[in-house]
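Take a look at the structure set out below.
Numbering (my numbering), first residue to last: 647 to 908.
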């Protein structure tokens, strides 16, 4: 059984899974937490009843970074062996082929922000502080931060954050596109659940295709991206949901289909 990261569901929000980080006091992301994050992401992927995922660290903090005590005495040779696993663990949310949202209260720093960067959407409390302060330790973000941050907010802004290690408040994060919504701290989780719940009855295969088309297309040139889109679009004509959705549209108009997720 996992000790620090759980995948939870609730009858009050059917179709939504919550990946909950719970390693008090600051949810430091040691190797065990990284592995449990990867395991939870895989479980959320494989559970067909889960249509969307919230990642949440509780009411006080998402995560204040990797466990520096664990890294303090590591050599280059030792880190070389585990750096890939660190990236996989902290970036595990990005591997889920379903809509994902990070609910950020308090601090999301270093590896904590890298976890949130793997989500499709980020909702922050107005007390949130976000940053990648690894440069202050003589290193750089190693869990995907240099890559996902630059793709999200652009290279100049990412370089400012990475080079200085400064913390970004919620309002600035909203202005630069680092987060998508700012709410009161005690409404963060509810706001994330509300967004994720929109997809409980959606065409989940089409959602996975849409996510893949956008994410994979951004990593290549336009022509290749268009080919990816065309392939995924055509493949959806082999699904039950495509047949259901189009028949429902013809018979009853838009927005009334009851999808099966197949």
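All residues carry an ideal CB built from backbone N, CA and C; glycine is no exception. Just so we're clear, the structure is a prediction, and the values are computed from it rather than from any experiment.
- Message: What residue range does the beta strand (DSSP E) around residue 790 cover?
- Response: For the purposes of this step, residue 790 is taken as the residue at position 144 of the chain shown. Here residue 790 belongs to no beta strand (DSSP E), and DSSP marks it neither H nor E.
- If you scan the stretch 683-740 from start to end, which runs of the alpha helix (DSSP H) of 4 or more residues do you find wholly inside it? Taking only runs of at least 4 residues, the alpha helix (DSSP H) segments lying wholly in the stretch 683-740 are 714-717, 722-736.
- Query: Short check: CB of residue 707 to CB of residue 770, under 9 Å?
  - Reply: As a working mapping, residue 707 is identified with position 61 in the chain shown. As a working mapping, residue 770 is identified with position 124 in the chain shown. Judged by beta-carbon spacing, residue 770 lies beyond the 9 Å limit of residue 707, meaning their Cβ atoms are not closer than that value.
- Query: How close, in whole Å, do the beta carbons of residue 820 and residue 855 come, if the pair is a contact with beta carbons under 8 Å?
  - Reply: As a first step, residue 820 is located in the chain shown; it is residue number 174 there, counting from the start. As a first step, residue 855 is located in the chain shown; it is residue number 209 there, counting from the start. Actually they do not touch by this definition, with Cβ atoms about 29 Å apart.
- Query: Nearest-angstrom Cα distance between residue 709 and residue 889?
  - Reply: Mapped onto the chain shown, residue 709 falls at position 63. Mapped onto the chain shown, residue 889 falls at position 243. Answer to the nearest angstrom: the Cα atoms are 43 Å apart.
- Query: Does DSSP put residue 866 in a helix, in a strand, or in coil?
  - Reply: Your numbering for residue 866 matches position 220 in the chain shown. Residue 866: coil per DSSP, three-state reduction.
- Local conformation of residue 830 per DSSP, three classes: For the purposes of this step, residue 830 is taken as residue 184 along the chain shown, with counting starting at 1. It is coil, neither helix nor strand.
- Assigned secondary structure, residue 848 (DSSP; H/G/I helix, E/B strand, else coil): Translated into positions along the chain shown, residue 848 becomes position 202. Three-state result, residue 848: coil.
- Item | Local Cβ density within 10 Å of residue 671, reported as buried at 16 or more and exposed below that | For the purposes of this step, residue 671 is taken as the residue at position 25 of the chain shown. With fewer than 16 other Cβ atoms within 10 Å, it is exposed.
- Query: Is it buried or exposed for residue 725, if we count other Cβ within 10 angstroms and need 16 for buried?
  - Reply: Mapped onto the chain shown, residue 725 falls at position 79. Counting Cβ neighbours within 10 Å, residue 725 comes out exposed, since fewer than 16 surround it.
- Message: Using 9 Å as the threshold, is the C-beta distance between residue 711 and residue 752 below it?
- Response: By one-based count along the chain shown, residue 711 stands at place 65. By one-based count along the chain shown, residue 752 stands at place 106. No, Cβ-Cβ distance for residue 711 and residue 752 is not below 9 Å.
- Give me the Cβ distance between residue 884 and residue 894, rounded to the nearest whole Å; I'm assuming they're in contact under 8 Å. Residue 884 sits at position 238 when you count from the first residue of the chain shown. Residue 894 sits at position 248 when you count from the first residue of the chain shown. Actually they do not touch by this definition, with Cβ atoms about 18 Å apart.
- Query: How many angstroms separate the CA atom of residue 649 from the CA atom of residue 701?
  - Reply: Along the chain shown, one-based indexing puts residue 649 at 3. Along the chain shown, one-based indexing puts residue 701 at 55. Rounded to the nearest angstrom, the two C-alpha atoms are 16 Å apart.
- Whose C-alpha, out of 814, 783, 662, is nearest the C-alpha of residue 777? For the purposes of this step, residue 777 is identified with residue 131 of the chain shown, where counting begins at 1. Comparing Cα positions, the closest option is 814.
- Item | Euclidean distance between Cα positions of residue 668 and residue 674 | Within the chain shown, numbered from 1, the residue matching residue 668 stands at position 22. Within the chain shown, numbered from 1, the residue matching residue 674 stands at position 28. Cα-Cα distance, rounded: 9 Å.
- Report the residue from 738, 659, 802 whose alpha carbon sits nearest the alpha carbon of residue 651. Translated into positions along the chain shown, residue 651 becomes position 5. It is 738.
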